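Below: the structure, in structure tokens.
Chains as they are written, first to last, in our numbering: chain A, 2 to 406; chain B, 668 to 1189.
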């Protein structure tokens, strides 16, 4: 950890004094140009050639602010055009080459921005390299949110991975590579996907991020079982603004996309969520949680499991764990506070049901059967299991699905 | 709280009359939908039967009074379809903002995203920002409010009531040079008012430092460190944790290189930010434009959990990938494009062990007047714990074209697809076949465009229910000239038909849906 930090710091210090751009293998030459360019505080490196602005993302003065800093020799002049070189405006700059210019855009009009920097020796940059098309959209940010969500939902419904990923930002909080593989697994596991939504709340921030809360409605067919599943609820997204387009930055549980790796894709859960968090397990089955196998063949008759540490043990009697399976009875013994038994699979248990303390009872053991869910209260933490294989004498192997609520 | 909301609403409602108004916009969408679901398995449908409506209204305005400029936005939704919203009438957004070049005050929906770990969600409340440009004074932002996901929760509506999460934060950002800035922030969140007896109630604090640095053109560095300290009342736990991430991006032709390191301790809590606890991650990605036609992208993602050693086992993940995109792989075919990618997933430890391979090829081209897009993928799932050993092949191809008939453009399309899955553990083979036909219609003279699509998905299982879904969907949009004064007014119609048929016929059902609506804006 410390080594990494030292390495990163050394890299940054070295980078600041480097003569060549190490990451382009020496193809760069020191020349007049821009060290950086920001349009409304968003780095031009992060935008594409076209930038669509929304009223909600401008300051209350309605101005677009262009700021930057020149690089190369001593700066002689900085000027910019907003009409594709038809007219040029001189821009004031400081000794270190920093400059700033503001203008009030009109809706529906496109501004073609180019910046020309000339040093005191008369050398100029290549203005074409700074070219950006700016437009203030007539639409409100809600329309843009709907456009972004429509594209994501349509691509997911059609199981088009490339189009789906086009709507996801490179800096997706749960990591884009993890989401990509999770969505690919979703597509292998599901068919006839039908997702719909309506907006509950939209809030745009000055930094270009947009918070979105939606009510969703979903129906899917699970390829593994052939069963259909429908659910509805409320969830949240955060979008980044890039190239006038919103790209997905983060998602919360209940998840809409990436159900196959929900733990790594979602960053948090919607406050007050009562819906079932639909997930796909490693086998491509819906909502089952992780599969745990405790193999005590030849080493014990009681299979023990502790939820928080995921510790397994083989023994000949109960205790010293959260739950345990006996090979002589179809039941689970437990040391935690209390349990609740369901006559339905884990996939159908909602968060509200799992956390409803009024339906829990204390007993120390619960009779179990394959395909039904059993939840355990660990003083505020809730774990539910669904037995897949119940051990019997001669086959001391317990396999069950587990999910935390 | 109710009083605060009422004052806020009143203030925003009065804003247009407070001074000479310079700008006002509104948009409205009203639609009526009729859904009909028939068949023994109709309970599986996700549609609400009968007639329902959906009304969405948004207004936006801005103006200037003295040295202050202001803007405001508000929106509402009404529906009688519980699947569209649990509430019949709800406020979707409400915000007022005033600024004088130095001070900015925002009330209502406030989204001050401090940083990923500290504050990355919206609040219902207020914020104040001090930013005097051209000076060396720091930018200071203060925020206070409630982290409710929707406005109905603010007035404790029984249907949408949530835990009351009160939040307050302060951020001070200083630009040391034009290339380097750093910021420190504090965010506190306190939960009260359980909805369910088991709801967790946090009293959490996050102290965060973040920075951005542009040492040279095209190279950016950014990072963040956050320490959390929380008490949770339901379980009676108190924990401290930290999270940090550093990112370095070099971007200039022909390369873009991104390096990332993240370490989030298991006990780190970000009540108002975004973080995946118990994860140490290293990521490298390199996109290299080898030539004008060939781009190579490679990446490696590694992460693990169990950072505090509290779990019985540690799960490690390796995810390398490489892809090559080639424009004009055949010199004689100017529109041809090919992309080949290989991704590998290795996961082991903590009771799991798997190695999955993803191979995918894509080819696009224009054959005469027809555009084609073909995708072939092969996935191999392998586990040592007998959880999933399967191989899957998916193939999709689409053909589309445009035909101009006088002033009308017709866009026919055809999609064909198949998916084959061999589950070695269950010794089963499942197959999916799908096709769809589409016809787009664009008549700019008549301000009309439409799209018709119909097709079928057929899932064939070795064991279990087979299923067939036949679908047809029509959408049409017309901008009548009568409404030209209302800039973007559109009349729309959407019709859909889905017929689900299963081997177990008691699961069969059919859905018909017809939506008619009017969208106006000025």
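The beta-carbon is built from N, C-alpha and C at its ideal position, and this holds for glycine as well.
Please read all numbers here as calculations on a predicted model, not as lab measurements.
* How long is the line joining the alpha carbons of residue 144 of chain A and residue 972 of chain B, rounded to whole angstroms? -> If you draw a straight line from the Cα of residue 144 of chain A to the Cα of residue 972 of chain B, it is about 40 Å long.
* Are the CB atoms of residue 794 of chain B and residue 807 of chain B nearer to each other than 8 Å? -> Taking the C-beta atoms as reference points, residue 807 of chain B is found no nearer than 8 Å to residue 794 of chain B.
* From B/787, B/755, B/791, B/804, pick the residue whose C-alpha is nearest to that of residue 770 of chain B; which is it? -> Looking at the Cα atoms, B/804 is the closest of the given residues.
* Asked: Under 9 Å Cβ-Cβ, which residues of chain A neighbour residue 818 of chain B?
  -> By Cβ distance, chain A contributes 201, 202.
* To do: Rounded to whole angstroms, what's the CA-CA distance from residue 862 of chain B to residue 949 of chain B? Just pull it up for me.
  => Annotation: residue 862 of chain B to residue 949 of chain B spans about 39 Å, alpha carbon to alpha carbon.
* Asked: Taking the Cβ atom as the reference point for each residue, do residue 1139 of chain B and residue 1160 of chain B lie within a distance shorter than 8 Å?
  -> The Cβ atoms of residue 1139 of chain B and residue 1160 of chain B do not sit closer than 8 Å to each other.
* Output the distance between the C-alpha atoms of residue 264 of chain A and residue 943 of chain B, rounded to the nearest integer angstrom. => The alpha-carbon atoms of residue 264 of chain A and residue 943 of chain B are separated by roughly 8 Å.
* Asked: For residue 816 of chain B, which three-state DSSP category applies?
  -> When secondary structure is reduced to three states using DSSP, residue 816 of chain B falls in the coil class, being assigned neither helix nor strand.
* To do: Using a cut-off of 8 Å between C-beta atoms, extract the partners of residue 788 of chain B located in chain A.
  => For residue 788 of chain B, the chain A residues whose Cβ falls inside 8 Å of its Cβ are 212, 237, 239, in order along the chain.
* Buried or exposed for residue 386 of chain A, please, with buried defined as at least 16 other CB atoms from any protein chain shown within 10 angstroms of its CB. => Under this definition residue 386 of chain A is a buried residue.
* **Sub-8 Å separation of residue 211 of chain A and residue 240 of chain A beta-carbons** => Taking 8 Å as the cut-off, the Cβ atoms of residue 211 of chain A and residue 240 of chain A count as close.
* Alpha carbon to alpha carbon, how far is residue 388 of chain A from residue 1119 of chain B? -> For residue 388 of chain A and residue 1119 of chain B, the distance between alpha carbons rounds to 47 Å.
* To do: With DSSP collapsed to three states, give me the class of residue 785 of chain B.
  => DSSP places residue 785 of chain B in coil when its eight states are reduced to three.
* Whole angstroms is fine: what's the gap from residue 854 of chain B's alpha carbon to residue 834 of chain B's? => So the two alpha carbons sit approximately 7 Å from each other.
* Taking the continuous beta strand (DSSP E) assigned at residue 147 of chain A, which residues delimit it? -> Premise fails: residue 147 of chain A lies in the alpha helix (DSSP H), 142 to 158, not in any beta strand (DSSP E).
* Would residue 1128 of chain B pass as a contact of residue 69 of chain A if the rule is Cβ separation under 8 Å? -> No. Outside cutoff.
* Assign residue 181 of chain A to one of three DSSP states: helix, strand, or coil. => Helix, per DSSP.
* **Cut-off 7 Å between Cβ atoms - residues of its own chain near residue 300 of chain A, not counting five sequence neighbours on either side** => For residue 300 of chain A, where only same-chain residues beyond five positions count, the Cβ hits under 7 Å are 315.
* Excluding the five sequence neighbours on either side, which residues of its own chain have a C-beta within less than 7 Å of the C-beta of residue 261 of chain A, listed in chain order? -> Closer than 7 Å at the Cβ level, and outside the excluded window around residue 261 of chain A, lie 183, 186, 187, 190, 281.
* What residues in the segment 734 to 766 of chain B bring their beta carbon closer than 9 Å to a beta carbon of chain A? -> The segment 734 to 766 of chain B vs chain A, Cβ under 9 Å: 735, 736, 737, 738, 740, 742, 744, 746, 748, 749, 750, 751, 752, 753, 754, 757, 758, 759, 760, 762, 764, 765, 766.
* Asked: chain A partners of residue 1047 of chain B, CB-CB under 7 Å?
  -> Think of a sphere of 7 Å around the beta carbon of residue 1047 of chain B: no beta carbon from chain A falls inside it, the nearest being about 11 Å out.
* Can you give me the start and stop residues for the alpha helix (DSSP H) that residue 166 of chain A sits inside? => Secondary structure note for residue 166 of chain A: its alpha helix (DSSP H) is the uninterrupted segment 162 to 167.
* Proximity test, Cβ basis, 8 Å: residue 897 of chain B and chain A -> Judged by the 8 Å Cβ criterion, residue 897 of chain B is not in contact with chain A.
* To do: Answer yes if the segment 697 to 711 of chain B comes into contact with the segment 1180 to 1188 of chain B, meaning at least three C-beta pairs across the two stretches below 8 Å, and no otherwise.
  => The segment 1180 to 1188 of chain B, when compared against the segment 697 to 711 of chain B, does touch it at the 8 Å Cβ threshold.
* Among B/909, B/1037, B/1067, B/1108, which one has its Cα closest to the Cα of residue 1117 of chain B? -> Taking only the C-alpha atoms, the option nearest residue 1117 of chain B is B/1108.
* Determine which residues of the segment 1018 to 1034 of chain B have a Cβ less than 9 Å from any Cβ of chain D, and write them out in chain order. => Checking the listed chains, one finds no chain D in this structure; the protein chains it contains are A and B.
* **Three-state class that DSSP yields for residue 707 of chain B in the structure shown** => Residue state, collapsed to three classes: coil.
* **Under 8 Å (Cβ pairs) to chain A, residues found in the segment 832 to 843 of chain B** => For the segment 832 to 843 of chain B, the beta-carbon criterion of a distance under 8 Å to any beta-carbon of chain A is satisfied by 832.
* **Chain-ordered neighbours of residue 293 of chain A on chain B, where CB pairs are closer than 9 Å** => For a Cβ distance threshold of 9 Å, residue set 1018 of chain B lies close to residue 293 of chain A, ordered along the chain.
* **Own chain partners of residue 355 of chain A with C-beta closer than 7 Å, once the 5 adjacent residues on each side are dropped** => In its chain, beyond the 5 residues on either side, 376, 383, 385, 406 have a beta carbon closer than 7 Å to the beta carbon of residue 355 of chain A.
* When you compare only the Cα positions, how much space is there between residue 884 of chain B and residue 981 of chain B? -> A direct Cα-Cα distance of roughly 41 Å separates residue 884 of chain B from residue 981 of chain B.
* To do: Helix, strand or coil for residue 262 of chain A, going by three-state DSSP, please let me know.
  => Note: residue 262 of chain A maps to helix in three-state DSSP.
* Asked: What's the C-alpha gap between residue 879 of chain B and residue 51 of chain A?
  -> Near 24 Å, if we compare the C-alpha coordinates of residue 51 of chain A and residue 879 of chain B.
* Kindly identify the DSSP beta-bridge partner or partners of residue 985 of chain B. => The beta-bridge partner set that DSSP reports for residue 985 of chain B consists of B/969, B/1013.
* **Own chain residues within Cβ distance below 6 Å of residue 292 of chain A, not counting five before or after** => Only 402 meet the Cβ criterion.
* Asked: Cβ of residue 214 of chain A within 8 Å of Cβ of residue 817 of chain B?
  -> Cβ atoms of residue 214 of chain A and residue 817 of chain B: closer than 8 Å.
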